[in-house]
Amino acid sequence: MAATAAGTTKRQQHKQQAEAGTRDRLVRTASRLMQHGGYESTPVKQLVREAEATLGSLYHFFPGGKQELAVAAIGYGDGEFAQMLRAALDCDPDAARALEATAGVLADALAASDWRDGCPVTATALESVGRLPELQEACAASFGRWQELVAAKLRASGIPEEDSRDLAVTVIATLEGAEMTSQVTRSRTPLLLAGRHLARLVASYTNGPAGV
Numbered sequence: 055m056a057a058t059a060a061g062t063t064k065r066q067q068h069k070q071q072a073e074a075g076t077r078d079r080l081v082r083t084a085s086r087l088m089q090h091g092g093y094e095s096t097p098v099k100q101l102v103r104e105a106e107a108t109l110g111s112l113y114h115f116f117p118g119g120k121q122e123l124a125v126a127a128i129g130y131g132d133g134e135f136a137q138m139l140r141a142a143l144d145c146d147p148d149a150a151r152a153l154e155a156t157a158g159v160l161a162d163a164l165a166a167s168d169w170r171d172g173c174p175v176t177a178t179a180l181e182s183v184g185r186l187p188e189l190q191e192a193c194a195a196s197f198g199r200w201q202e203l204v205a206a207k208l209r210a211s212g213i214p215e216e217d218s219r220d221l222a223v224t225v226i227a228t229l230e231g232a233e234m235t236s237q238v239t240r241s242r243t244p245l246l247l248a249g250r251h252l253a254r255l256v257a258s259y260t261n262g263p264a265g266v
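Numbering (our numbering), first residue to last: 55 to 266.
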């Protein structure tokens, strides 16, 4: 009986691991495809094929279909970008210099991807406005989380709460626009210039060196 129970447990564990792997592949693949082409330009059949999954498995894990998977994919891309943003902001105790370095990190990553891997949610965010409220809310939440990471860095540098929140909105909006411009022009310059001017802006609040 003990051996039978142990065998059953192992089979259940293998099944759970396989299911987790399939779900993870679906989410990661959806995130990548949506990053490049948005929600509407990501066909379900292509998504399933590239994830090495089946339509049945997609609807098993995401009963709401493509849109439910897309929300999960936005969350995944949000987390990946937040991790990179957090690491870049932590590279220097001075907030101004850290923001300039962050812009450089984004520029390097974009160039390394041959200008394809920009913001993980921008393409979907733009096409969801007024049409796909669940996706729009998920994208808005992502921007909000990134803003909070920046605001926390600014607060740690002694900038008051309200100013930190306002500056964080400015920082993320500026980096988003600069990243899109860098993609279109295939140039690191827009992001690097954005980082330099954001550093000067933040330094004007901290009265510390901007490193420029």
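Glycine is no exception: its CB is placed at the ideal position from the N, C-alpha and C atoms.
- The stretch 138 to 145 makes contact with the stretch 200 to 215; the number of CB pairs closer than 8 Å reaches 3 or more.
- Each of Met138, Trp200, Met234, Asp171 was checked against the Cα of methionine 88, and the nearest Cα belongs to Asp171.
- With a cutoff of 8 Å on beta-carbon distance, glycine 118 and glutamate 181 are scored as not near each other.
- Taking 4 residues as the shortest admissible run, the stretch 90 to 125 contains the following complete alpha helix (DSSP H) segments, listed from N- to C-terminal end: 98 to 104, 109 to 115.
- Leucine 229 is not a Cβ neighbour of alanine 149, given a cutoff of 8 Å.
- By the C-beta density criterion, valine 102 is buried, having at least 16 other C-beta atoms within 10 angstroms.
- Going by C-alpha positions, alanine 179 is about 18 Å away from arginine 82.
- Between the alpha carbons of alanine 163 and glutamate 122 lies a distance of about 28 Å.
- In the structure shown, aspartate 146 falls within a coil segment according to DSSP collapsed to helix, strand and coil.
- When rounded, the separation of the alpha-carbon atoms in leucine 109 and glutamate 191 is 26 Å.
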